[in-house]
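Have a look at the structure below before the remarks.
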DNA sequence: CCAGCTAGTTCAGTCATTGAACTGACACAT
DNA sequence: ATGTGTCAGTTCAATGACTGAACTAGCTGG
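Residue numbers (this note's numbering), protein chains in the order written: chain A, 1205 to 1384; chain B, 1205 to 1384.
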């Protein structure tokens, strides 16, 4: 096999998953992609990650089919989650839940709602109102009780405002038809 | 704050979680702990991880309260998951599911069953028979259709045999009452 | 053809990981 | 008490990854 094989264990799907998203920064990049970050510069600024590392991580995520790189977008390159990338959402949510549970005594740093009916989404991704498992693009993210307001740069501001997942943050660069 | 702050983002529970279990090898160690590995030497052999790194990872996992280190066990030191560590199970399962879905065409490498009624456990951790969310010690793990038999050392052998999670693998060192 | 923006690349310094060999504590037998 | 074995680590040189800052290159509009 010509697998990356950073971890030897061929018989554990966890090992296989970690080959793809287990490196330092990778999962944070994927998180930002869920939150609507699409541009190289925004990832770099948001995460404070060295640009060389960002280049390398984006490359392997694209290669693995987690992200696509769209070079002909108006205003420059855009990185977007694929279906395979979106399928990482339950795992990401589980990690966030754990972090909230053990490190955020004031409550979750962010809460998730079903955009259609404003129902809260539980730990299994199910809407408390309509009972369905909410699809990722229909998830609205909001600041939770444990959120600590600090940062002030525009991108951080944008991704902590109530918004739907996957909705691009800086499409502002394509001058919007209605507003400025 | 005196947090590790490998990742700057204070407002993301994902970042906080990754501070604890995001380093190379850490999640594999936790996985092994779920599968019943408790001893330093078994972790080292199972994972092929340098002993120095293992020492460092175990230390921080104990410090974070994910594992306990019990030095007065018969036969030597034992590492065990705490409640906080066990709470990582949904996240681990989500990562395994993703790996199975996209990298194991022959099906899941391992399957999980409710030990009490042999019901299959779905992606939300729910038993298909009784409908309850199965507690971790009641989960029985088996080789799945995608399992590829290769390794042959005793510990690998043991943790790929049908068994309940958290059940120690090498308690054999405490001579068993019935068998030799 | 210049200024400004974007998406990268380059590179020296630092830090983490690797793998192999070594130490120290305990247990049991001679 | 001496030797043998096991277990849980430590030590260390070599290698590799990450960091941060500066630099390059392509496009856009004036």
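Idealized CB from N, CA, C, for every residue including glycine.
Residue from the options with nearest C-alpha to residue i
| i | options | result |
| --- | --- | --- |
| residue 1306 of chain B | A/1291, A/1278, A/1323 | A/1291 |
| residue 1226 of chain A | B/1256, B/1354, B/1367, B/1300 | B/1300 |
| residue 1232 of chain B | A/1261, A/1215, A/1328, A/1247 | A/1215 |
| residue 1210 of chain B | A/1224, A/1265, A/1251, A/1325 | A/1251 |
| residue 1240 of chain A | A/1261, A/1230, A/1228, A/1283 | A/1283 |
| residue 1265 of chain A | A/1287, A/1279, A/1352 | A/1287 |
| residue 1354 of chain A | A/1293, A/1313, A/1280, A/1254 | A/1313 |
| residue 1337 of chain B | B/1321, B/1361, B/1243 | B/1321 |
| residue 1343 of chain B | B/1262, B/1304, B/1297, B/1352 | B/1297 |
| residue 1243 of chain A | A/1220, A/1276, A/1224 | A/1276 |
| residue 1347 of chain B | B/1262, B/1325, B/1316 | B/1316 |
| residue 1261 of chain B | B/1217, B/1352, B/1365, B/1229 | B/1229 |
| residue 1349 of chain B | B/1308, B/1224, B/1256, B/1323 | B/1308 |
| residue 1279 of chain A | A/1256, A/1245, A/1263, A/1289 | A/1245 |
Contact list for residue i against chain A, beta-carbon separation under 8 Å
| i | result |
| --- | --- |
| residue 1235 of chain B | 1216, 1218 |
| residue 1231 of chain B | 1218, 1222, 1226 |
Residues that residue i contacts on chain A, provided the C-beta gap is smaller than 7 Å
| i | result |
| --- | --- |
| residue 1294 of chain B | 1298 |
| residue 1291 of chain B | 1302, 1305 |
Separation of residue j from residue i, as counted between CA atoms
| i | j | result |
| --- | --- | --- |
| residue 1372 of chain B | residue 1333 of chain B | 27 Å |
| residue 1272 of chain A | residue 1363 of chain A | 20 Å |
| residue 1340 of chain B | residue 1212 of chain B | 33 Å |
| residue 1269 of chain B | residue 1285 of chain A | 34 Å |
| residue 1367 of chain A | residue 1359 of chain A | 13 Å |
| residue 1294 of chain A | residue 1328 of chain B | 10 Å |
| residue 1303 of chain B | residue 1254 of chain B | 25 Å |
| residue 1365 of chain B | residue 1345 of chain B | 8 Å |
| residue 1319 of chain A | residue 1325 of chain A | 10 Å |
| residue 1310 of chain A | residue 1220 of chain B | 14 Å |
| residue 1224 of chain B | residue 1335 of chain A | 33 Å |
| residue 1258 of chain B | residue 1323 of chain A | 44 Å |
| residue 1330 of chain B | residue 1361 of chain B | 27 Å |
| residue 1382 of chain A | residue 1289 of chain A | Below a pLDDT of 50, predicted positions are generally treated as unreliable, and residue 1382 of chain A, at 33, falls in that range; the measurement from the model is reported next regardless. Straight-line Cα distance between these residues: approximately 31 Å. |
| residue 1357 of chain A | residue 1357 of chain B | 54 Å |
| residue 1274 of chain A | residue 1281 of chain B | 53 Å |
| residue 1218 of chain B | residue 1370 of chain A | 17 Å |
| residue 1267 of chain B | residue 1351 of chain B | 34 Å |
| residue 1263 of chain A | residue 1256 of chain A | 11 Å |
Residue i at chain B interface by Cβ criterion, 7 Å
| i | result |
| --- | --- |
| residue 1326 of chain A | no |
| residue 1252 of chain A | yes |
| residue 1308 of chain A | yes |
| residue 1351 of chain A | yes |
| residue 1212 of chain A | yes |
| residue 1263 of chain A | no |
| residue 1369 of chain A | no |
Contact list for residue i against chain B, beta-carbon separation under 9 Å
| i | result |
| --- | --- |
| residue 1288 of chain A | 1302, 1305, 1306 |
| residue 1364 of chain A | 1215 |
Proximal residues of chain B, C-beta to C-beta of residue i below 8 Å
| i | result |
| --- | --- |
| residue 1354 of chain A | 1214, 1215 |
Proximity test, residue i beta-carbon vs the ligand ZN heavy atom, cut-off 6 Å
| i | result |
| --- | --- |
| residue 1320 of chain B | No copy of the ligand ZN appears in this structure; indeed no ligand is present at all. |
Proximal chain B residues relative to residue i, where beta-carbon distance stays under 7 Å
| i | result |
| --- | --- |
| residue 1272 of chain A | Those do not exist, as residue 1272 of chain A stays about 15 Å from chain B at its closest Cβ, beyond 7 Å. |
Legend entry - Meets three-Cβ-pair contact criterion under 8 Å: the segment 1236-1249 of chain A and the segment 1228-1248 of chain B: no
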